[in-house]
Amino acid sequence: MHLRGLSQPSLAERDRMLKKTTDKLGCVRWNPFPGDIKQTKIPNLHSQPHRASISLAANRTLLPKYLSGVKEKAEVMFDAGAFKHWYLKHGAEEEDFLDAFESIDGIVSAYKELSLRT
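Sequential numbering from 2 applies to the sequence shown in the numbering used here.
Here it is as structure tokens:
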């Protein structure tokens, strides 16, 4: 993600940037602190003034959809036997995969339940 703005934003500007960003990301409404912005100055490598790196951590409502998609793809690959022999060769068992799929279902359900409470 690339954010543009002042290299030394005021607290009000920083709060405005965070609100705008978390609104666009679809952060969950029930979390009073849906994200945080940390800004770090980058060494002046090519005589470019005011370069900075911004990291953003956000709690988003899109997680269940993303995890469900990842799980569906993994289940298709598992059912087709894709790469299964490698995992079995290195000590994994089929039950490990089924447990992982079940865990993802639990995470998705819990996240959806929390988002419905607001």
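All C-beta atoms in this analysis are idealised placements derived from N, C-alpha and C, irrespective of residue type, glycine included.
Nearest-angstrom Cα distance between residue 104 and residue 24? As a position in the sequence shown, residue 104 is number 103, starting the count at 1. As a position in the sequence shown, residue 24 is number 23, starting the count at 1. Residue 104 and residue 24: Cα-Cα distance of roughly 29 Å.
Ignore the nearest five residues each way along the sequence and tell me which others in residue 64's own chain have a CB closer than 7 Å to its CB. Reading the sequence shown from its first residue, position 63 is the one you call residue 64. Excluding positions up to five away in sequence, the list reads 112.
Under the three-state DSSP convention, the category residue 102 falls into: Position 101 of the sequence shown, counted from the first residue, corresponds to residue 102. It is helical.
If we count the other Cβ atoms within 10 Å of its Cβ and call it buried at 16 or more, is residue 19 buried or exposed? Indexing the sequence shown from 1 puts residue 19 at position 18. Buried, by the Cβ-count rule.
Looking only at its chain, what residues have a beta carbon closer than 8 Å to the beta carbon of residue 99, apart from the 5 residues adjacent to it on each side? Translated into the one-based positions of the sequence shown, residue 99 becomes position 98. Excluding positions up to five away in sequence, the list is empty.
Range covered by the alpha helix (DSSP H) that runs through residue 73: By 1-based counting over the sequence shown, the position of residue 73 is 72. From DSSP, the alpha helix (DSSP H) with residue 73 extends over 64-81.
Given that a residue counts as buried once 16 or more other Cβ atoms are within 10 Å of its Cβ, and exposed if not, what is residue 21? Numbered from its first residue, the sequence shown carries residue 21 at position 20. Exposed, because fewer than 16 other Cβ atoms sit within 10 Å of the Cβ of residue 21.
Alpha carbon of residue 101 to alpha carbon of residue 80, nearest angstrom: The residue given as residue 101 occupies position 100 in the sequence shown. The residue given as residue 80 occupies position 79 in the sequence shown. Cα to Cα, the separation comes out at about 14 Å.
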